[in-house]
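>
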Ligand SMILES: [Zn+2]
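Residue numbers (this note's numbering): -10 to 257.
#1: Tell me whether residue 179 counts as near ligand 1, meaning its Cβ is closer than 8 Å to at least one heavy atom of that ligand.
#2: Between residue 118 and residue 79, is the Cβ-Cβ spacing less than 9 Å?
#3: According to DSSP, simplified to helix, strand and coil, what is residue 25?
#4: To the nearest angstrom, how far is it from the Cα of residue 63 to the Cα of residue 199?
#5: Residue 207 to residue 201, Cα distance in whole Å?
#6: Can you tell which of 115, 100 and 167 has its C-alpha closest to the C-alpha of residue 126?
#7: From which residue to which residue does the alpha helix (DSSP H) around residue 133 run?
#8: Can you determine whether any heavy atom of ligand 1 sits closer than 8 Å to the C-beta of residue 64, and answer yes or no?
#9: Can you list every residue whose CB sits closer than 6 Å to some heavy atom of ligand 1, going in chain order?
#10: When we look at the beta-carbon of residue 183 and count the other beta-carbons within 10 Å, is it buried (16 or more) or exposed?
#11: Quick one: what does DSSP say residue 162 is sitting in, helix, strand or coil?
#12: If distances are taken between C-alpha atoms only, which option among 216, 220 and 187 comes closest to residue 205?
#13: I'd like the ranges of any beta strand (DSSP E) spanning at least 3 consecutive residues and lying wholly in the region 43 to 126.
#14: Check this for me: beta carbons of residue 124 and residue 165, under 9 Å apart or not?
#15: On the three-state DSSP scale, how would you describe residue 173?
#16: Buried or exposed: where does residue 263 fall if 16 or more other Cβ atoms within 10 Å of its Cβ makes it buried?
Quick look at the structure:
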């Protein structure tokens, strides 16, 4: 089977090179400049992609098949960072080969720029968690609400050159957020995420966090797990991930293509 695939791949490459070569040959006298550019294209292609690489690529494409469509999905979301714990959290995630979502506070991004870059470099998702983390300031007016998340985006852009539409409101999108604030965020394309599994990690011991996941996480197809950048959370993370995997969850990062789940839309 493998030999057959490889010979098909080699045959295709020979055919493509042959066709391109023939094209160069036949257009040679017509237009010198285009011949030159086609020649250098082929030269660069061969230089950059050795035969082994091309075969590797082709076989991995063949083996890839259709993407997985997991039935049980868990999103691990981590609020209030980045912090002095971010790098440790990243290590645990890497060890387990999973990606999470970090909802960052603007001031903490400025204080921990390297951590912001590390989170992004390692392929995790970044969203924002306001500037003030204070519902009185955040909801002073709809403009004030929007401004806080735009400010987060500016700071994130200055650090990484990237932007994000993912947000988590401090204390959740209900019951504190007024309609006007919700509407202006919505109109500006921000994607609101709440949770359906509160680990209560900000006040729980490591053991309690793990048992909260065991208890509150049962019988749900989709989990949005709420966590914070705390010492006890870092210690609980590995055990938590183990439980989720044992229960058959595929752990994924939230992206801008994921349909937002929040208290407002009652779809958690
Ligand atoms: Zn928070």
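C-beta atoms are modelled at their ideal positions from N, C-alpha and C, and glycine is treated no differently.
Source: prediction; values computed, not measured.
Short version:
#1: no
#2: no
#3: Any answer about residue 25 is weak, because its pLDDT of 39 lies below 50 and its placement is not dependable; what the coordinates show is given next. In this structure, residue 25 counts as helix in the three-state DSSP scheme.
#4: 15 Å
#5: Straight-line spacing of the CA atoms in residue 207 and residue 201 works out to 10 Å.
#6: 167
#7: 131 to 149
#8: Incorrect: residue 64 has no Cβ contact closer than 8 Å to ligand 1.
#9: 68, 69, 118, 122 and 159
#10: Buried, by the Cβ-count rule.
#11: Residue state, collapsed to three classes: coil.
#12: Each of 216, 220 and 187 was checked against the Cα of residue 205, and the nearest Cα belongs to 187.
#13: 62 to 70, 90 to 93 and 114 to 117
#14: yes
#15: helix
#16: Here the chain comprises residues numbered -10 to 257, so residue 263 is not present and cannot be evaluated.
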